[in-house]
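Numbering (this note's numbering), first residue to last: 7 to 97. Ideal Cβ positions, reconstructed from N, Cα and C, are used throughout, including at glycine. The structure appears right after this line, and notes come after that.
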Amino acid sequence: MIRINCFFQARDGRVAEALAAAKELTAASLGQDGCVAYDVFESATRPGVLLICETWRDQAALDAHSASAPFVKNVGVLNETGTLKIETFPL
């Protein structure tokens with residue numbers, strides 16, 4: 007399995023737009039083959055900070071996810087509205 011933590015910092019007060027994209031991505035991802043877990047969290051102490059936690063069965067499932075239309079669309083919104091830092095861990 008593969009765990010991914012995506013840390014997001016919104017720019018210019020665009021956290022609502024980013025959170026909507028993250029929630030849409032989460033809903034789509036949960037239905038994809040190989041998705042073990044997927045969730046988005048909003049920081050209670052740092053305004054504009056989100057954490058997306060993902061767990062995938064294997065690299066093939068993660069690759070298919072990364073090529074999917076919901077991923078391309080919503081990660082595009084996240085990149086437009088802030089910055090992402092991604093950490094990947096094998097489980």
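Residue closest to residue i, alpha-carbon to alpha-carbon, out of the options
| i | options | result |
| --- | --- | --- |
| Gln65 | Thr94, Pro53, Gln15 | Thr94 |
| Gly82 | Gly19, Met7, Glu23 | Glu23 |
| Asp69 | Phe47, Arg20, Val21, Ser35 | Ser35 |
Spatial distance of residue i from residue j (CA atoms)
| i | j | result |
| --- | --- | --- |
| Asn11 | Leu84 | 14 Å |
| Asn80 | Gln15 | 15 Å |
| Arg9 | Ala73 | 18 Å |
| Gly88 | Asp45 | 18 Å |
| Arg17 | Leu25 | 12 Å |
| Ala33 | Pro96 | 23 Å |
Close-in-space but distant-in-sequence residues of the same chain around residue i (CB under 8 Å, 5 per side omitted)
| i | result |
| --- | --- |
| Ser49 | Val55, Leu56, Leu57 |
| Ala43 | Cys59, Glu60, Thr61 |
Cβ neighbours of residue i in the same chain (closer than 6 Å, five flanking residues each side left out)
| i | result |
| --- | --- |
| Glu30 | Asn80 |
Which runs of the beta strand (DSSP E), 3 residues or longer, sit entirely within the stretch 57-96?
For the stretch 57-96, whole beta strand (DSSP E) runs of length 3 or above, ordered along the chain, are 88-96.
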